[in-house]
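Engineer:
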Amino acid sequence: MFIGLCGTICAGKHTVAKFLVEAYGFQILRLAAPASTPLPKPDEGPTTTTVVSHFPEKSNDTFASIDELLEYVTGRWQERFVTVDIENEDALDALLKRPFFILVSVDAPIVVRWKRYIEKCKVYNSPPPTLEAFVTKADTHMFNPRTGLIPLFVRATLQLLNPSESLDVFYESLKSIDLVDERRLRPTWDAYFMQLANLAAQRSNCMKRRVGCVLVREKRVISTGYNGTPRGLRNCNEGGCSRCNSGSTGGSSLSTCLCLHAEENALLEAGRERIGKGSILYCDTCPCLTCSVKIAQVGISEVVYSQAYSMDNKTAEVLSAGGVKLRQFSPPREGIVLLGQNNEVTTRFYKHADGSG
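This is the structure we're talking about:
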């Protein structure tokens, strides 16, 4: 595994790198001449009480170019490496071609970072900047059209928010999210098929809820489906279903709904003869009661879903009676993660736009 870290000034990316070294045996890799970052030069003194830690100067594990670094890591891909020297998209593009690389960004509230910067200035006997001066420096670091890091931030798989004032709390928070989970590098079959279901949902024309479904047998896709009005009828988002367009409460007036559900479309597309024993249905939302009856009828062995629905209990009863296994998919956390604060480990995961967490 190779983790790349990018971060705003005094957000804690060097501390995350140090944590990976101490907790999981990662090796720090450096580039000989990355673009300069607006930080005081580290010294060898003790750390302060805030989340500020020292980072090694260039060492024997320093490379003249990103190509040399990649050559070194590729031959040792089963080992664990971390770098904080990704400074532009060209370097990131080269790294992302490797299946063992992941980019993680680190950020923190501006006032918190300013206070950390002041603490560093005290250690280095440097005059501390005003808040306005620090904000100007921080904005340049992130948004400069030529050297700003914002293009890297938006491409990070995991975005850590670090308001902590304690190294112990920060480290505990990092342990809780399991940065070294190998599933972040290559999706499992569950993650792969659920991503296909999420993609199918983007084609939905239902005004009430986007739902996508993938039907699989022996790890091969049999069919896909998304919810919306039947072929030949006006699309739901064009007024084709009066029930969905009337703003009815979820789960009500279903008998008047003209929209086919994602699961129904996938089942109709596949046909019973193609489904067979051992088929698995992946759906980004737990099937409703009506769909669960049809799923049991066609002989599907397992249903995997990501988001809950109001009929989960009834669906579970029907599928259990029909001999169909039902389970919820729980992927490793991605997106924006708020790490613990004060003396508690309070990790909060924000949902993506598609509703996954």
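Residue numbers for the sequence shown, in this note's numbering: 1001 to 1357. Just so you know, even glycine gets a beta-carbon here, dropped at the ideal spot from N, CA and C.
Within the continuous beta strand (DSSP E) that includes Cys-1213, where are the two ends?
Structural biologist: Numbered from its first residue, the sequence shown carries residue 1213 at position 213. Looking at the DSSP string, the run of the beta strand (DSSP E) that includes Cys-1213 is 1212-1217.
Engineer: Whose C-beta lies closer than 7 Å to the C-beta of Ala-1308 among residues of the same chain, with five residues either side of it excluded?
Structural biologist: Numbered from 1 along the sequence shown, position 308 holds the residue referred to as residue 1308. Cys-1286, listed in sequence order.
Engineer: How close, in whole Å, do the beta carbons of Cys-1206 and Gly-1228 come, if the pair is a contact with beta carbons under 8 Å?
Structural biologist: Here residue 1206 refers to the residue found at position 206 of the sequence shown. Here residue 1228 refers to the residue found at position 228 of the sequence shown. Correct: roughly 5 Å between the Cβ atoms.
Engineer: Is the beta carbon of Arg-1333 less than 8 Å from the beta carbon of Ile-1102?
Structural biologist: Translated into the one-based positions of the sequence shown, residue 1333 becomes position 333. Translated into the one-based positions of the sequence shown, residue 1102 becomes position 102. Result no, Cβ atoms of Arg-1333 and Ile-1102 do not sit closer than 8 Å.
Engineer: Report the three-state DSSP secondary structure of Phe-1101 (helix, strand or coil).
Structural biologist: Within the sequence shown, the letter at position 101 stands for residue 1101. Phe-1101 falls in the strand class under three-state DSSP.
Engineer: Which word fits Glu-1087, buried or exposed, when buried means at least 16 other C-beta atoms lie within 10 angstroms of its C-beta?
Structural biologist: Sequence index remark: in the sequence shown, residue 1087 carries index 87 (1-based). It is buried - the Cβ of Glu-1087 has at least 16 other Cβ atoms within 10 Å.
Engineer: Would you say Phe-1019 and Arg-1098 are within 8 Å of each other, going by their C-beta atoms?
Structural biologist: Within the sequence shown, residue 1019 is the residue found at index 19, counting from 1. Within the sequence shown, residue 1098 is the residue found at index 98, counting from 1. Cβ distance not < 8 Å, so Phe-1019 and Arg-1098 don't count as in contact.
Engineer: Is Val-1051 helix, strand or coil when you go by DSSP?
Structural biologist: Taking the sequence shown and counting its residues from 1, the one referred to as residue 1051 is at position 51. Caution is warranted here: a pLDDT of 41 is assigned to Val-1051, below 50, making its placement in the model unreliable, and the coordinate value is therefore given only provisionally. Val-1051: coil per DSSP, three-state reduction.
Engineer: Going by C-alpha to C-alpha distance, which of Phe-1329, Gln-1328, Lys-1294, Ala-1064 sits closest to Gly-1322?
Structural biologist: If you number the sequence shown from 1, residue 1322 lands on position 322. Minimum Cα distance to Gly-1322 is reached at Lys-1294.
Engineer: Under 8 Å between the Cβ atoms of Ala-1191 and Gly-1225?
Structural biologist: Taking the sequence shown and counting its residues from 1, the one referred to as residue 1191 is at position 191. Taking the sequence shown and counting its residues from 1, the one referred to as residue 1225 is at position 225. Contact: no.
Engineer: Do you know whose CA, among Val-1111, Ile-1009, Leu-1339, Ile-1222, lies nearest Lys-1175's CA?
Structural biologist: In the sequence shown, counting from the first residue as 1, residue 1175 sits at position 175. Closest option to Lys-1175, Cα to Cα, is Leu-1339.
Engineer: Suppose you measure from the CA of Glu-1119 to the CA of Arg-1220; what does that come to, to the nearest Å?
Structural biologist: Within the sequence shown, residue 1119 is the residue found at index 119, counting from 1. Within the sequence shown, residue 1220 is the residue found at index 220, counting from 1. The straight-line gap from Cα to Cα measures roughly 56 Å.
Engineer: Buried or exposed: which applies to Ala-1032, given that a residue is buried once 16 or more other Cβ atoms fall within 10 Å of its Cβ?
Structural biologist: As a working note, residue 1032 is residue 32 in the sequence shown. Per the 10 Å Cβ criterion, exposed.
Engineer: In whole angstroms, what is the alpha-carbon distance linking Leu-1131 and Gly-1148?
Structural biologist: Taking the sequence shown and counting its residues from 1, the one referred to as residue 1131 is at position 131. Taking the sequence shown and counting its residues from 1, the one referred to as residue 1148 is at position 148. For Leu-1131 and Gly-1148, the distance between alpha carbons rounds to 20 Å.
Engineer: What distance in whole Å lies between the Cβ atoms of Cys-1010 and Arg-1113, which are believed to be in contact at a cut-off of 8 Å?
Structural biologist: Here residue 1113 corresponds to residue number 113 of the sequence shown, with the count starting at 1. Here residue 1010 corresponds to residue number 10 of the sequence shown, with the count starting at 1. At roughly 4 Å, the Cβ-Cβ gap stays under 8 Å, so Arg-1113 and Cys-1010 are in contact.
Engineer: Kindly indicate which residue of Val-1324, Lys-1122, Leu-1319, Leu-1152 has the alpha-carbon position closest to the one of Val-1084.
Structural biologist: Looking up residue 1084 in the sequence shown gives position 84. For the residues Val-1324, Lys-1122, Leu-1319, Leu-1152, the minimum Cα distance to Val-1084 belongs to Leu-1152.
Engineer: Evaluate contact between the stretch 1268-1285 and the stretch 1296-1304, counting only Cβ atoms and requiring at least three cross-stretch pairs below 8 Å.
Structural biologist: Short answer: they touch.
Engineer: Within the continuous beta strand (DSSP E) that includes Val-1169, where are the two ends?
Structural biologist: Against the sequence shown, residue 1169 aligns to sequence position 169. Not the beta strand (DSSP E): Val-1169 falls in the alpha helix (DSSP H), residues 1167-1177.
Engineer: Could you give the C-beta distance for Lys-1314 and Leu-1289, rounded to a whole number, given that I count them as a contact under 8 Å?
Structural biologist: To locate residue 1314, count along the sequence shown from 1; it is residue 314. To locate residue 1289, count along the sequence shown from 1; it is residue 289. With a Cβ gap of about 5 Å, Lys-1314 and Leu-1289 count as contacting.
Engineer: Between which two residues does the beta strand (DSSP E) harbouring Phe-1081 extend?
Structural biologist: Locating residue 1081 in the sequence shown gives position 81, counting from the first residue. Residues 1081-1083.
Engineer: Do you know offhand how far Glu-1269's Cα is from Ile-1222's?
Structural biologist: In the sequence shown, residue 1269 corresponds to position 269, counting from 1. In the sequence shown, residue 1222 corresponds to position 222, counting from 1. Whole-angstrom Cα-Cα distance: 9 Å.
Engineer: Rank Asp-1061, Leu-1158, Phe-1063, Thr-1136 by C-alpha distance to the C-alpha of Gly-1007 and give the top, closest one.
Structural biologist: The count along the sequence shown starts at 1 and reaches residue 1007 at position 7. Here the closest residue by C-alpha is Leu-1158.
Engineer: To the nearest angstrom, how far is it from the Cα of Ala-1316 to the Cα of Asn-1198?
Structural biologist: In the sequence shown, residue 1316 corresponds to position 316, counting from 1. In the sequence shown, residue 1198 corresponds to position 198, counting from 1. Going from the Cα of Ala-1316 to the Cα of Asn-1198 covers about 22 Å.
Engineer: Identify every run of the alpha helix (DSSP H) within the stretch 1265-1327, keeping only runs that are complete inside it and at least 4 residues long; order them along the chain.
Structural biologist: List check, alpha helix (DSSP H) in window: 1272-1275, 1289-1297, 1312-1321.
Engineer: Evaluate Asp-1107 with the Cβ neighbour count: other Cβ atoms within 10 Å of its Cβ, from every protein chain shown; 16 or more gives buried, anything less gives exposed.
Structural biologist: To locate residue 1107, count along the sequence shown from 1; it is residue 107. So Asp-1107 ends up on the buried side.
Engineer: Exposed or buried, which one is Tyr-1124 when buried takes at least 16 other CB atoms within 10 Å?
Structural biologist: Residue 1124 sits at position 124 when you count from the first residue of the sequence shown. The residue is exposed, with fewer than 16 neighbouring Cβ atoms inside 10 Å.
Engineer: Counting C-beta neighbours from all protein chains within 10 Å, is the total for Phe-1134 16 or more, i.e. buried, or is it exposed?
Structural biologist: Within the sequence shown, residue 1134 is the residue found at index 134, counting from 1. When all chains shown are included, Phe-1134 counts as buried.
Engineer: Just to confirm, are Lys-1122 and Pro-1129 a CB contact at a threshold of 8 Å?
Structural biologist: Position 122 of the sequence shown, counting from 1, holds the residue named residue 1122. Position 129 of the sequence shown, counting from 1, holds the residue named residue 1129. Cβ atoms of Lys-1122 and Pro-1129: not closer than 8 Å.
Engineer: Which of helix, strand or coil does DSSP assign to Val-1370?
Structural biologist: Only positions 1001 to 1357 of the chain appear in this structure, which leaves residue 1370 out of reach.
Engineer: If we count the other Cβ atoms within 10 Å of its Cβ and call it buried at 16 or more, is Arg-1274 buried or exposed?
Structural biologist: Within the sequence shown, the letter at position 274 stands for residue 1274. Burial call: exposed.
Engineer: Please report the distance separating the alpha-carbon of Arg-1030 from that of Val-1073.
Structural biologist: By 1-based counting over the sequence shown, the position of residue 1030 is 30. By 1-based counting over the sequence shown, the position of residue 1073 is 73. If you take the alpha carbons of Arg-1030 and Val-1073, they lie about 12 Å apart.
Engineer: List the endpoints of the continuous alpha helix (DSSP H) containing Gln-1078.
Structural biologist: Stepping through the sequence shown from its first residue, residue 1078 is reached at position 78. No alpha helix (DSSP H) holds Gln-1078; DSSP gives it neither H nor E.
Engineer: Taking the C-alpha atoms as reference points, what is the distance between Ser-1105 and Gly-1335?
Structural biologist: If you number the sequence shown from 1, residue 1105 lands on position 105. If you number the sequence shown from 1, residue 1335 lands on position 335. Ser-1105 and Gly-1335: Cα-Cα distance of roughly 10 Å.
Engineer: First and last residue of the beta strand (DSSP E) that includes Thr-1224?
Structural biologist: As a working mapping, residue 1224 is identified with position 224 in the sequence shown. First-last of the beta strand (DSSP E) with Thr-1224: 1220-1226.
Engineer: Beta carbon of Glu-1264, beta carbon of Cys-1236: below 8 Å?
Structural biologist: Counted from its first residue, the sequence shown places residue 1264 at position 264. Counted from its first residue, the sequence shown places residue 1236 at position 236. Not closer than 8 Å, so no.
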